[in-house]
Each structure stands twice: as structure tokens, then as C-alpha cells.
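Taken in sequence, the protein lines are chains A and S.
For the first sequence, position 45 (counting from the first letter as 1) is numbered 45 according to my numbering, and the numbering increases by one without interruption.
For the second sequence, position 155 (counting from the first letter as 1) is numbered 1155 according to my numbering, and the numbering increases by one without interruption.
Glycine included, each C-beta is placed from N, C-alpha and C at the ideal position.
I have placed the structure first, in the form of C-alpha cells, so that the comments after it can refer back to it.
2 protein chains.
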Amino acid sequence: MPIALEHDDIQQLDDIIKRGRPLQQSNHVYREAESFHSVYAVRSGSVKAYRAMGDGREQVIGFYFPGEIIGLDGISSNTHNASAKTLETAVVCEIPFSSLKGLSSIVPPLQRHLFRLMSRGIIEDQQRITLLSRNSAAERIAFLLLSISARNISRKLSGTRFRLSMSRLDIGNYLGLTVETISRVFSQLQKMAVLEVDNREIAIVDMLGLRKLSNLVD
Amino acid sequence: MPIALEHDDIQQLDDIIKRGRPLQQSNHVYREAESFHSVYAVRSGSVKAYRAMGDGREQVIGFYFPGEIIGLDGISSNTHNASAKTLETAVVCEIPFSSLKGLSSIVPPLQRHLFRLMSRGIIEDQQRITLLSRNSAAERIAFLLLSISARNISRKLSGTRFRLSMSRLDIGNYLGLTVETISRVFSQLQKMAVLEVDNREIAIVDMLGLRKLSNLVD
DNA sequence: CGTTCCATTGAGATGTGTCAATTCAAGTGG
DNA sequence: CCACTTGAATTGACACATCTCAATGGAACG
């Protein structure tokens, strides 16, 4: 938990977090429409959140990596509004929300942190809305790769070489594109010497070029 | 404020809400990057929230009507992440967030309500993400009209006849479409006898047909 | 070694964007 | 009160990015 708290408070927080067991690939952390009791912290591996749509396809809401919190969307309805399943073997810790809520009303910094987490989620969603309504396929893909890169860096991993834990289909469902388009853009970016792509292994060769492509350079 | 609270608590809440003055059309409630102090309740009229993008265009985040709360996105960064301006003459009440936060840690139902509001925002954004990444122009427009219709009904107004307070450009920026596409779809829906469109005056002639078009029928 | 799932590549279809012209409504000043 | 201006909305023709459909290639696994 990335907050500055008193030792006492950290202890209390630690007490309510349940120890996580490793989950195999494609196991559910929680399912859409299940009643909401807990949020979850990803410890290792990666998780995708998604919602089933009327026609059977799925809308991927997000990809989550170690240190990130999932399940906050269940608060308003007391029901999970999305499913979450592991993309690979992963460890996920359960944090009962009632305890968290109780603790947060005693410990203002924690309450503040919770508000921030939710609010940041809103902002990220809004960025994705912009991305989806305005940006080309290449821009969207560049954005995703840069996002993963940045998160890797914050976890002290390589920001330029990594393995995608999600399939092209998942990426497509996340970015609002088809698998074919994902493939074509990867090939094109490779031809432009921005990326090296070998199946799910990605190397960002020209980081600045990728940033320019994403249209997110300051 | 749509919550069940004790009389005492309602009084306290009422005390922190500032009285709102009427704002003329196109006045800002708050601006992107301003420091965040308050959230706002729309009393009358309507408001759009939007973010300026690098190239000068704007991304419309949402349209807000009486009874709705705007500004919650500022919580995480202590800075407003969007601007909000009135679409017509409107009355907006300021609610200082520090007071609200303080009160909410004393009054659990209020804290709960705040969590819900934010969480609901997240869910709505996620719905829009699905809408933008998956749905056709006609589906998106049908969705917006149905959303406005439903909100009108909840305010005891007509769900089938109303005046759009926003321009075609705003609608386009909200739905990720161009003005021309909006116009064409309106014309097409009129030809299909689903709508009657006279500039900003809208009449929903075939509600079921519109619901089917939106692909959101249960 | 075959099966299965995932990824790549090509060719053609299509929905929406772009560019341009016209109409319409509202407001302004002579 | 009537031209004139201005901004919004509509409509048409064309361009283009992405989707769809189809075939092929490759990796993982029993």
C-alpha cells in the first residue's frame, strides 16, 4: 500500500488484508454481478477486468499489474460490475471493504487515499474515452505500450523489453480494435523500426518515436 | 441531495452548501487545472464538462442536469481535471469539499453516498468506453437521447419531447463523432420515423424503436 | 504427429471523416 | 423594418481507416 501512515495504522491495515494464494492462469478473482465484499491488490502476475456484453463478446476494462487495486467499481451497487481474471499465474490479496471503510473513517490519510484511488480511476477512464473517440489504431496501441512500459518502470522492471501477458484479442477488446488491426499495426511499427515484435515479446526500439506516435508527448 | 439522513445531519449538510447565483450561458463553473476546493450541484439549466486536448479541440466528458454533481474528478490531484461551463442560463451550488469530507467522516451514510457517487461515475465512464469502442454512430446517438430522456423523466419532465441544450458540435465531441455524422443520423432517424428533429427540438416518436437501435434493450 | 489456439497477411467492403457548398436562425446596425 | 453578418445545421461527393472474410503460418500441448 503506497501511502505514508503511522506504524500503528499500517499494522491495522495489515491486519485486515488477507494473505493471497497463487491463482492459475484464467482464474477469476471475482465475477460480474457477484455481491461486492472486497477489493483486491495484485501482488504478482497480471489481471484483466472485463464485462460481458449482450452479444457474448467482452469489453475489456483494464489490465492490472502488481501494486494495483481492482474491484473499486463495486462500491456503488454493492455488486461487482465487471469480472476479473488472471492473465497468467498470479497472487492476489483480498481486502474486505467493510474493514477498509471502517478503518478509513478512523484514519483520515487512508480515507484520502481511497478517494484518490477512485478519482484516479475516473480520470484514467476519461483518458481512455478520449483515446477511443479520437485516436487512430497506431496511437491507441502506442498508448497502451507506453502505459505498460511506465508501469514496468515503476516496478523496477525494463521499460523497453517485456512480454505481453494478454492476447491480441484482449488488446483489441481493450482498445476497441480487431485482432487483425493490432497485428497490422505491430507489423507496421516494426517496419518503421519503432518496435521489435516477436509474438508477445515486445522491444521498444525507438521510445521517442513511440511517444510521438501516441500523440501524448507534452 | 438524494440521501436519507437524520434531520441534524441534513442541517449540517445544508449549512456547508453555499447558495448559488445564476450563471449566464457559457460561463465557467470551474476550469481545468484550477486547484480543487469544491464540488458543485446543478440546480437548474445544464452544464458540460470537457477537457482541452493538445491540438486545441475539446473532449466533452459529460452533460449534467439539475440534481447532478460535478467536480468529483478533482479529488485525486487536488486539481480540476476538466472544465465545466454552462450550456444555458443555470444555477449551480458550491459545496466545499473540505467541509464535505469532514462531515462525511462523522456521518457514515454521507461517506457511503460519496463513495457511491464516485463509483457510479466510474461505471458510467466504463459504459461510455464500451459505447465508443463498439457502437455505431446511430447506436451512440440513440444512447445519448435515451439517457437524456431517462434523466428528464426522473425530473418529472417529458421523456419524449425536449430541447437539446448542447450544440451538434458538443454532441459530436461527446460521442466521438463529427457534426456531419450527427446531422446525417438525425435525418436518417427522422426518415425512419423514430424521431422528429427540428434543430434542437427533439421528439421521440418511436421509443421502442430507439431502444432497439441503441442495442441496450434488456 | 496431429490438434488447437493464436497470430499474421491479403483482398475487398463499409462506415465515418473530410472538404465544400447551401440553408437556416438569430442577432446587429443602418 | 430591412439588409447584413455570423454561427449552427444540413446535405452531397469523395477519401480513407478500419472491419470483415478468408487463407496461411506458427507455437504449444497432448
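Item checked: Members of the region 110-125 of chain A near chain S, C-beta cut-off 7 Å -> Q111, F115, R116, M118, S119, R120, G121, I122, I123 and D125
Next item on the list: Classify A:E94 as helix, strand or coil using the three-state DSSP reduction.
Entry: strand
Notebook entry, point to check: Smallest Cα separation from S:F1097: which of S:Q1012, S:F1036, S:G1172 and S:R1140?
Noted result: Of the candidates S:Q1012, S:F1036, S:G1172 and S:R1140, the one whose C-alpha sits nearest the C-alpha of S:F1097 is S:F1036.
Note to self: Give me, in chain order, the residues of the same chain whose beta-carbon lies closer than 6 Å to that of A:E94; leave out the 5 immediate sequence neighbours on both sides.
What the structure shows: K18, S38 and Y40
Check: Going along chain A, which residues have a C-beta under 8 Å from S:L1132?
Finding: At a beta-carbon threshold of 8 Å, the residues of chain A lying near S:L1132 are I129, L132, S133 and G176, ordered along the chain.
Check: With DSSP run on the structure shown, which of helix, strand or coil describes S:Q1126?
Finding: helix
Next item on the list: Specify, as a first and last residue, the run of the alpha helix (DSSP H) that S:I1202 falls within.
Entry: First-last for S:I1202: E1201 to I1204, but that is the beta strand (DSSP E), not the alpha helix (DSSP H).
Next item on the list: Determine, using beta carbons only, whether S:D1014 comes closer than 8 Å to chain A.
Entry: no
Next item on the list: Quick one: grab the DSSP three-state call for A:F186.
Entry: helix
Notebook entry, point to check: Which residue's Cα is closest to the Cα of A:E196: A:G172, A:R161 and A:S44?
Noted result: A:R161
Note to self: For a cutoff of 8 Å on Cβ pairs, would you count A:S98 as touching chain S?
What the structure shows: no
Next item on the list: Could you spell out the range, first to last residue, of the alpha helix (DSSP H) harbouring S:R1222?
Entry: Only positions 1001 to 1218 of chain S appear in the structure, and residue 1222 of chain S is not among them; the question remains open.
Item checked: Neighbour-count burial assignment, S:D1125, 16 or more Cβ in a 10 Å radius -> buried
Next item on the list: Output, in chain order, the set of chain S residues within a Cβ distance shorter than 8 Å of A:M166.
Entry: None at all; the shortest Cβ gap to chain S is about 16 Å.
Note to self: Please tell me whether A:L213 and A:A150 are closer than 8 Å, where the distance is taken between their beta carbons.
What the structure shows: No, the Cβ-Cβ distance between A:L213 and A:A150 is not below 8 Å.
Checklist line | 3 or more residues per run - each beta strand (DSSP E) lying fully within the region 1055-1117 of chain S | finding: 1058-1064, 1083-1086 and 1090-1096
Notebook entry, point to check: Could one say the Cβ of S:D1170 lies closer than 8 Å to chain A's Cβ atoms, at least one of them?
Noted result: So no, S:D1170 is outside the interface.
Next item on the list: Confirm, please, whether the CB-CB distance from S:S1044 to S:P1066 is below 8 Å.
Entry: Going by C-beta atoms, S:P1066 is nearer than 8 Å to S:S1044.
Margin query: On the DSSP letters alone, give me the boundaries of the beta strand (DSSP E) that S:L1195 sits inside.
Written below: L1195 to D1198
Next item on the list: For my contact list, A:S76 and S:R1120 are in at a C-beta cut-off of 8 Å; report their separation, rounded to the angstrom.
Entry: Contact between A:S76 and S:R1120 is confirmed by a C-beta separation of about 4 Å, below the 8 Å threshold.
Checklist line | Coarse secondary structure for A:K191, derived from DSSP in three states | finding: Note: A:K191 maps to helix in three-state DSSP.
Check: Name the chain S residues whose beta carbon is nearer than 9 Å to that of A:D73?
Finding: S1119, I1122, I1123 and Q1126
Item checked: Proximal residues of chain A, C-beta to C-beta of S:I1061 below 7 Å -> Q126
Item checked: Where the beta strand (DSSP E) through A:S38 begins and ends -> S38 to S44
Next item on the list: Could you check which residue in A:E88, A:Q59, A:E58 and A:V92 has the C-alpha nearest to that of A:G71?
Entry: A:V92
Margin query: Against S:S1154, what residues of chain A qualify as contacts under a CB-to-CB distance less than 7 Å, listed in chain order?
Written below: Residues of chain A passing the Cβ test: none, with the nearest at roughly 17 Å.
Check: In chain S, which residues lie with their C-beta within 9 Å of the C-beta of A:P108?
Finding: Correct list: K1101 and S1105.
Notebook entry, point to check: Can the beta-carbon of S:I1148 be found closer than 8 Å to that of A:R128?
Noted result: no
Check: What is the DSSP secondary structure of S:R1168, counted as helix, strand or coil?
Finding: helix
Next item on the list: Please list the partners that S:S1076 has in chain A, where partner means a Cβ-to-Cβ separation under 9 Å.
Entry: F115, R116, L117, M118, S119, R120, G121, I122 and I123
Note to self: Please list, in chain order, the chain A residues whose beta carbon lies closer than 7 Å to that of S:G1067.
What the structure shows: Correct list: empty, because the minimum Cβ distance to chain A is about 16 Å.
Notebook entry, point to check: At a cut of 8 Å, does the region 1098-1116 of chain S reach the region 1180-1197 of chain S through at least three beta carbon pairs?
Noted result: no
Check: Who are the neighbours of A:M53 on chain S, taking C-beta pairs under 8 Å?
Finding: T1130 and R1134
Next item on the list: Measure from the alpha carbon of S:L1146 to the alpha carbon of each residue in S:N1215, S:G1056 and S:R1021, then state which is nearest.
Entry: It is S:N1215.
Next item on the list: Quick one: list the residues of chain S neighbouring A:N81, beta-carbon separation under 9 Å, in chain order.
Entry: S1119, I1122, I1123 and Q1126
Check: Does any C-beta atom of chain A lie closer than 8 Å to the C-beta of S:N1215?
Finding: Yes, because at least one Cβ of chain A sits closer than 8 Å to the Cβ of S:N1215.
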